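Student: The numbering of the sequence shown is this note's numbering, which starts it at 6 and goes up by one.
Just so you know, even glycine gets a beta-carbon here, dropped at the ideal spot from N, CA and C.
Quantities reported herein were computed from a predicted structural model and do not represent experimental measurements.
Sending over a structure as structure tokens; questions will come in a sec.
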Amino acid sequence: AIGASGAYDDAIQQKAGEGKSGEALFFELALQDLTQAAALFRPVHEATGGVDGWVSLEVSPLLSDDVDGTIDAARQLHASARCPNLFIKIPGTAAGLHAIEEAIFAGVPVNVTLLFSREQYIAAADAYWRGIQRRIEADLDPKVNSVASIFISRWDKAVVDKVPPALRNRLGVAIARRAYKAYCERLASPAWRKFADAGALTQRLLWASTGTKDPQLPQTYYVEALAAPNTVNTMPEKTLLALAAHAESLVAMPKDGGDAESVLADFAQADVDVMALASQLQVEGAQSFSKSWRDMLAVIASKSGESGKPAIKP
Numbered sequence: 006a007i008g009a010s011g012a013y014d015d016a017i018q019q020k021a022g023e024g025k026s027g028e029a030l031f032f033e034l035a036l037q038d039l040t041q042a043a044a045l046f047r048p049v050h051e052a053t054g055g056v057d058g059w060v061s062l063e064v065s066p067l068l069s070d071d072v073d074g075t076i077d078a079a080r081q082l083h084a085s086a087r088c089p090n091l092f093i094k095i096p097g098t099a100a101g102l103h104a105i106e107e108a109i110f111a112g113v114p115v116n117v118t119l120l121f122s123r124e125q126y127i128a129a130a131d132a133y134w135r136g137i138q139r140r141i142e143a144d145l146d147p148k149v150n151s152v153a154s155i156f157i158s159r160w161d162k163a164v165v166d167k168v169p170p171a172l173r174n175r176l177g178v179a180i181a182r183r184a185y186k187a188y189c190e191r192l193a194s195p196a197w198r199k200f201a202d203a204g205a206l207t208q209r210l211l212w213a214s215t216g217t218k219d220p221q222l223p224q225t226y227y228v229e230a231l232a233a234p235n236t237v238n239t240m241p242e243k244t245l246l247a248l249a250a251h252a253e254s255l256v257a258m259p260k261d262g263g264d265a266e267s268v269l270a271d272f273a274q275a276d277v278d279v280m281a282l283a284s285q286l287q288v289e290g291a292q293s294f295s296k297s298w299r300d301m302l303a304v305i306a307s308k309s310g311e312s313g314k315p316a317i318k319p
């Protein structure tokens, strides 16, 4: 919105006049918007006991390899917002996992982003559990909310030109179903029962990137395929409206993963290395987030009259 319209131009110039620049300026704008959004969702948040009605704000993607910087940023953003229904987004990368654990231990609600596989989800869920375990051991309230966001449609886009027509647009759903099976198994485990008995909250799976990239697919393709209890789906407005037209047709995803393993075996036969591709997609996702972030900071610098100054430290 900052780059695509002039809606924020006056606010940018005002904050620049107050001596703000770069990320500091952006986060002031973002916190103003998101605290207002959080207030709008607060009734939903309260009515559902804190389960729904959340908004999210990411730490700087430029901190993706900086564990301590990510931890500090998550704490500061959470403290500055003073909202009970604001998730802080932290990527589920190798560096991000430690930051996720520390943020949960500090009582910061976390939306774990950039997850692309069952293995990456499990690593993020383990980080959440470690943070909760430490809170229990420290006699702190274990009720710290979190979601684990798995990106779906990017899988199918990545292999569209590498697999037979019969396999197109099937990989993302298979990956999600495999992760959902692991999710259900974790929630049925004795280890989780101990956490739940202590008052811990379920770290729900969140399906991200569920808008269709292939124009031949119905807009609700991924949403319908991934309908399941205790999960979240973030979707574009046009997908939401399309879903509203026939939501009664949704069928819950099987807890055992359904045909996920047989579909993934077909992709293996087509020489698709799912593990390697998951790592590649996570790296590319982090790089894409960083590029978009730098581009946004450049726009802020230009609009604040600082085009000759660097928006961030090199």
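#1: Here's a check: name, in chain order, each residue in its chain whose Cβ is nearer than 6 Å to the Cβ of Gly58, leaving out the five neighbours to either side.
#2: Buried or exposed: which applies to Thr225, given that a residue is buried once 16 or more other Cβ atoms fall within 10 Å of its Cβ?
#3: Can you name the start and end residues of the beta strand (DSSP E) that Arg209 belongs to?
#4: Using DSSP bridges, identify the partner residues of Ile93.
#5: Tell me, which residues are paired with Asn174 by DSSP?
#6: Please identify the residue among Glu106, Ala163 and Ala250 whose C-alpha is closest to the C-alpha of Pro223.
#7: Measuring alpha carbon to alpha carbon, tell me which of Ala21, Leu30 and Ser61 ends up nearest Thr40.
#8: Nearest to Gly263 by alpha carbon, out of Cys189, Arg182 and Ala132?
#9: How do the region 129-141 and the region 97-116 stand: do at least 3 beta-carbon pairs fall below 8 Å, yes or no?
#10: Assign Met240 to buried or exposed, taking buried as 16 or more other Cβ atoms, counted over all protein chains shown, within 10 Å of its Cβ.
#11: Of all the beta strand (DSSP E) runs that stay within the bounds of the region 217-243, which reach a length of 3 or more residues?
#12: What separation, rounded to the nearest whole angstrom, lies between the Cα atoms of Ser10 and Ile141?
#13: Check the C-beta distance from Phe272 over to Leu176 and give it rounded, since I have them as a contact under 8 Å.
#14: Determine whether the beta carbon atoms of Ala187 and Ala153 lie at a separation below 8 Å.
#15: Give the DSSP bridge partners of Ser154, in chain order.
#16: Report the option in Tyr185, Ala184 and Lys162 whose CA atom is closest to the CA atom of Asn174.
#17: Taking only the alpha-carbon atoms, compute the straight-line gap between Asp14 and Phe32 and give it to the nearest angstrom.
#18: Looking at Thr40 and the ligand PLP, is the gap between the Cβ and the nearest heavy atom below 7 Å?
#19: Do you know whose CA, among Trp298, Val165 and Gly310, lies nearest Ser65's CA?
Tutor: Let's see:
#1: The beta carbon of Gly58 sits closer than 6 Å to the beta carbons of Phe46, Val49, His50 and Asn90 from its chain, once the five residues preceding and following it are set aside; these are given in chain order.
#2: Buried, by the Cβ-count rule.
#3: Note, Arg209: beta strand (DSSP E), Arg209 to Ala213.
#4: In the DSSP output, where bridge partners are listed per residue, Ile93 has Leu62 and Val115.
#5: In the DSSP assignment, no residue is bridged to Asn174.
#6: Taking the Cα of Pro223 as reference, the smallest distance to any Cα among Glu106, Ala163 and Ala250 is reached at Ala250.
#7: Among Ala21, Leu30 and Ser61, the Cα nearest to that of Thr40 belongs to Ser61.
#8: The shortest CA-to-CA distance from Gly263 to any of Cys189, Arg182 and Ala132 is the one to Arg182.
#9: Counting Cβ pairs under 8 Å, three or more are found: they touch.
#10: For Met240, the number of other beta carbons within 10 angstroms of its own is at least 16, and it is reported as buried.
#11: Entirely contained in the region 217-243, the beta strand (DSSP E) runs reaching 3 residues are, in chain order, 236-238.
#12: In this structure, the CA atom of Ser10 is about 47 Å from the CA atom of Ile141.
#13: The Cβ separation is near 6 Å, so the contact holds.
#14: Cβ atoms of Ala187 and Ala153: not closer than 8 Å.
#15: Paired residue(s): Leu211.
#16: Comparing Cα-Cα distances from Asn174 to each of Tyr185, Ala184 and Lys162, the minimum goes to Lys162.
#17: One C-alpha to the other measures close to 15 Å.
#18: Looking at this structure, you won't find the ligand PLP or any other ligand, since it has none at all.
#19: Closest in C-alpha terms to Ser65, from the list Trp298, Val165 and Gly310, comes Trp298.
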